[in-house]
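Novice: Once you've had a glance at the structure underneath, I'll fire off some questions.
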Amino acid sequence: MTGTQVSIRYNEGASDYVPNLTLTRLMGEAVDEVGPIAYDEEDYALARKIRASLPEDCTKGIAWEFTGLSADEAREYYKTHVLYDRPGKFIDREFHAPASTDVGDVSRCVPTAQVEVPCYTIGTPNHTWEMTAQTRSTIGQKGMLEAAKCIALCAAKLFEDRDGSLLQAARREFERMVGSGTYVCPFPDELTPPR
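Following this note's numbering from start to finish, the sequence shown increments by one per residue and tops out at 196.
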C-alpha cells in the first residue's frame with residue numbers, strides 16, 4: 002500500500018545453544034576439582050587499574066547467579082574484590098545468557114557442554130578495550146589454562162566411564178532435546194560469502 006520495498010541481507014546467523022545437562026554436570030564436577038584461579042599481585046594490580054577506569058554502576062548487569070552468591074553477597078564481594086577468586090559454581094537450572102556463540106550450531110549436532118571462566122576484573126563490559134587488555138594479560142592467560150584444565154578433566158572422566166553410561170545418558174538427553182534429525186543451518190543454501 003505504501004510502496005515500501007524490503008530487501009533481506011544475511012550477515013550473521015547462529016542457532017540457539019542447547020546445553021546437555023548430563024555433560025554440563027560432569028563439567029561442573031571438573032570445575033570443582035580444578036578449583037579457582039590463583040592470581041598474583043601483578044594480576045591484582047592490573048585489575049585495580051581496570052576497575053578505576055570503569056563506571057560506578059558497571060556491575061548492574063552481572064549474572065551473579067553463576068557465582069552462587071546472593072545479590073546482597075555479590076554487592077559486598079564487589080566492594081572488596083577486583084577479581085573473582087572463588088571456586089566456580091554449577092547451577093542446575095536453566096538460565097538465559099544474552100550472548101551469541103557459534104557453539105549453538107555445534108550443540109545441535111552433538112551433545113555439548115561449555116565452561117565459562119571469569120578471568121577479568123569484576124564488572125568489565127564485553128567488547129571493550131578493558132576486556133581486550135585483560136584477555137592479553139596474565140589474567141586472561143590464567144583463565145584460558147583454567148578452562149583447558151576443566152575441559153581436559155571432563156574428557157578424562159568420560160574416558161574413565163568404562164560402561165559408557167555417561168555418554169549414553171548424554172546421547173539420550175541430546176535426542177530428547179534436539180531429535181535425531183539432521184542439523185539445519187540458519188543460512189539459506191543459496192547464500193554465498195560476500196565478495
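We put the beta carbon where it would ideally sit given N, CA and C, even for glycine.
On the three-state DSSP scale, how would you describe Leu-27?
Specialist: Here residue 27 corresponds to residue number 26 of the sequence shown, with the count starting at 1. Residue state, collapsed to three classes: helix.
Novice: Exposed or buried, what is Ser-54 when buried is set at 16 or more other beta-carbons lying within 10 Å of its beta-carbon?
Specialist: Numbered from its first residue, the sequence shown carries residue 54 at position 53. Exposed, by the Cβ-count rule.
Novice: Confirm, please, whether the CB-CB distance from Ser-16 to Arg-109 is below 7 Å.
Specialist: The count along the sequence shown starts at 1 and reaches residue 109 at position 108. The count along the sequence shown starts at 1 and reaches residue 16 at position 15. Closer than 7 Å, so yes.
Novice: For a test of the three-state rule: what should DSSP assign to Thr-133, helix, strand or coil?
Specialist: Looking up residue 133 in the sequence shown gives position 132. The answer is helix: DSSP assigns Thr-133 an H, G or I state.
Novice: Report yes or no: do the segment 167-174 and the segment 16-30 share at least 3 C-beta pairs separated by less than 8 Å?
Specialist: Yes, since at least three Cβ pairs between the segment 167-174 and the segment 16-30 fall closer than 8 Å, the two stretches touch.
Novice: So, helix, strand or coil for Thr-139, using DSSP?
Specialist: For the purposes of this step, residue 139 is identified with residue 138 of the sequence shown, where counting begins at 1. Here Thr-139 sits in helix by DSSP.
Novice: From the DSSP output, which residues share a beta bridge with Leu-84?
Specialist: Working through the sequence shown from its first residue, we reach residue 84 at position 83. According to DSSP, Leu-84 bridges with Thr-122.
Novice: Alpha carbon to alpha carbon, what distance is there between Tyr-79 and Asp-73?
Specialist: Taking the sequence shown and counting its residues from 1, one reaches residue 73 at position 72. Taking the sequence shown and counting its residues from 1, one reaches residue 79 at position 78. Rounded to whole angstroms, Asp-73 to Tyr-79 spans 10 Å at the Cα level.
Novice: Is any beta-carbon of chain C found at less than 7 Å from that of Gly-180?
Specialist: The chain inventory of the structure shown lacks chain C, comprising one protein chain alone.
Novice: Would you call the CB atoms of Thr-122 and Ile-51 closer than 7 Å?
Specialist: Here the question's residue 122 lines up with position 121 in the sequence shown. Here the question's residue 51 lines up with position 50 in the sequence shown. Taking 7 Å as the Cβ cut-off, Thr-122 and Ile-51 qualify as a contacting pair.
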